[in-house]
Amino acid sequence: DSRSGAGAADATRTVGQLWLLAHGASLAVPGGVVGLTPLGLMLLPLALLHRAGRHSARTLDVSGQRPALALVVAIAFPYAVAAGFLAALCASATVTPHPVPALLGSFAVGLVGAGSGVLRESGLLGRVHRLPARVRRLAAGACAAVAVLLAAGALLSGAALVLHFDRATSLAAASDPGVIGGLTLFLFSLLLVPNAAVWGAAFAAGPGFAVGVGTTVGPLGTTLGPVPALPLLAALPSGDVPLWLGGLAFAVPLLAGVLAGLLVARRLPVCSPGTAALEAVLAGPCAGVGLALLAYLSGGPLGGARLADVGPSPWQVGLAVTLEVGLAAAVTAAIAVRRVRP
Numbered sequence: 259d260s261r262s263g264a265g266a267a268d269a270t271r272t273v274g275q276l277w278l279l280a281h282g283a284s285l286a287v288p289g290g291v292v293g294l295t296p297l298g299l300m301l302l303p304l305a306l307l308h309r310a311g312r313h314s315a316r317t318l319d320v321s322g323q324r325p326a327l328a329l330v331v332a333i334a335f336p337y338a339v340a341a342g343f344l345a346a347l348c349a350s351a352t353v354t355p356h357p358v359p360a361l362l363g364s365f366a367v368g369l370v371g372a373g374s375g376v377l378r379e380s381g382l383l384g385r386v387h388r389l390p391a392r393v394r395r396l397a398a399g400a401c402a403a404v405a406v407l408l409a410a411g412a413l414l415s416g417a418a419l420v421l422h423f424d425r426a427t428s429l430a431a432a433s434d435p436g437v438i439g440g441l442t443l444f445l446f447s448l449l450l451v452p453n454a455a456v457w458g459a460a461f462a463a464g465p466g467f468a469v470g471v472g473t474t475v476g477p478l479g480t481t482l483g484p485v486p487a488l489p490l491l492a493a494l495p496s497g498d499v500p501l502w503l504g505g506l507a508f509a510v511p512l513l514a515g516v517l518a519g520l521l522v523a524r525r526l527p528v529c530s531p532g533t534a535a536l537e538a539v540l541a542g543p544c545a546g547v548g549l550a551l552l553a554y555l556s557g558g559p560l561g562g563a564r565l566a567d568v569g570p571s572p573w574q575v576g577l578a579v580t581l582e583v584g585l586a587a588a589v590t591a592a593i594a595v596r597r598v599r600p
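Under the numbering used here, the letters of the sequence shown match residues 259 to 600, in that order.
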């Protein structure tokens, strides 16, 4: 942008800082910390590392578990070291990346991205059937429940943004971004779409999310203050959520639990309804841990003062999903087993 007055060195440092932010790093800025990770931007290094893992496994003809693990670490470790060097190089007078989160976050992203590629290319994914039957049952139920919650969260966020489209355009024009700034604002909003899906899932689960210290957006009530002029935030409700919408949102985790219970019941051997319920209820904690991790990744500070707390609370979301999905899954599995095997 010709109005910024920034040179090539400033632009290059900013690119490095955004790259670190995509790996879960945090940036110290005047008056606070920026640590909210755009999950859409994280998909890029994950995809590149997945491709690197596949190429390396194919080139080295990796087939065993130990060689595969060694290859994954051999990719992730230098990747994390490079992130540490980049954190030092991208420091400026106003923005300073924290090296330890950069190292740990990049190492975790490297393990996940390269690990998925190595597993796929080495054929180890085909050995999933060797896992214990209980693990496969609970994994299927928990993944289905999390998928339902994320799909519902994306639908809620998208519908709210469409209903408040006029407000979104007003927020976009409020800062007079210009052509380059407007395009950047649009791309940044797209990168935050996965975050919005997780926040919508947290809304459906009950705890909701925060957009600043002392604020909350949930089906039981909304308390908001001034928010950044980000078009995506136009989807935030301006007042209390209607009763019918709150009831519809609460039905989502129960529906996710019903689906999880059905999947677990279909994979169970002959057993009593009580045994089926005890087995299916474990899908709740598994789904709760998964969504709590996503809630942790999707939130973080956006500076100091009010914006030091943005996003859902991981432990609150995890606890709510554990209880709601677990209860619905247990009841569903007991009824399903009883009907099939009276």
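The beta carbon of each residue, even a glycine, is placed where N, CA and C say it ideally should be.
Taking C-alpha positions only, Q323 is separated from V367 by approximately 20 Å. Taking a C-beta distance under 8 Å as the contact criterion, A460 and L408 do not qualify as a contact pair. In the same chain as T352, and ignoring 5 residues on each side of it, the C-beta atoms closer than 8 Å to its own belong to V287 and P288, in chain order. Judged by pairs of C-beta atoms under 8 Å, the region 414-421 does not touch the region 364-383, as fewer than three such pairs exist.
Inter-segment contact for the region 478-492 and the region 582-590 is absent: fewer than three beta-carbon pairs are separated by less than 8 Å.
For A534, the uninterrupted alpha helix (DSSP H) segment begins and ends at P531 to A538. For L307, there is no enclosing beta strand (DSSP E); the residue is part of the alpha helix (DSSP H) that begins and ends at L297 to L318. Taken atom to atom, the span from the alpha-carbon of G483 to that of L306 is near 39 Å.
The shortest C-alpha to C-alpha distance from A334 to any of A346, A550 and S374 is the one to S374. In the DSSP annotation of this structure, A267 is not part of any beta strand (DSSP E); the continuous alpha helix (DSSP H) holding it starts and ends at A266 to L279. Straight through space, the alpha carbons of C401 and A341 are spaced by roughly 31 Å.
Rounded to whole angstroms, the gap between the alpha carbons of L377 and L304 is 14 Å.
A distance below 6 Å between beta-carbons, with the five flanking residues on each side excluded, links V485 to the following residues of its chain, in chain order: V469 and L491. Between the region 293-303 and the region 264-284 there are three or more C-beta pairs closer than 8 Å, enough to call the two in contact. Between the C-alpha atoms of L551 and V404 there is a straight-line separation of about 11 Å. Take the alpha-carbon of A412 and the one of P477: they are about 16 Å apart.
Residue nearest to F508 within the set G472, G458 and P543 is G458 (criterion: CA-CA distance). Take G561, set aside five residues on each side of it, and the residues of its chain with a beta-carbon closer than 8 Å to its own are V287, G289, G290, V291 and V292, in chain order. Put simply, the backbone Cα of T295 is about 39 Å away from that of L526.
In this structure, the alpha-carbon of V330 lies about 6 Å from that of A372. Distances from the CA of G363 to each of V339, P570 and T480 were compared; the closest alpha carbon is that of V339. In this structure, the beta-carbon distance from V568 to G576 does not fall below 8 Å. Exclusion of the five residues before and after V522 leaves R395, L396, A398, G399, A534, E537, A538, A541, A587 and A591 as the residues of its chain whose Cβ lies within less than 8 Å of its Cβ. Annotated as distal: S447 and L513, with beta-carbon spacing of 8 Å or more.
Between G381 and A332, the alpha-carbon positions lie close to 19 Å from each other. DSSP places V499 in the coil class of the three-state scheme, outside both helix and strand. Residue nearest to R392 within the set H308, V437, R524 and A328 is R524 (criterion: CA-CA distance).
Note that the C-beta distance between R261 and G436 is below 8 Å.
Around the CB of F343, fewer than 16 other CB atoms lie within 10 Å, so the residue is classed as exposed.
Taking A410 as the centre and dropping the five residues before and after it, the same chain places the C-beta of A462 and V510 closer than 6 Å to its C-beta, in chain order.
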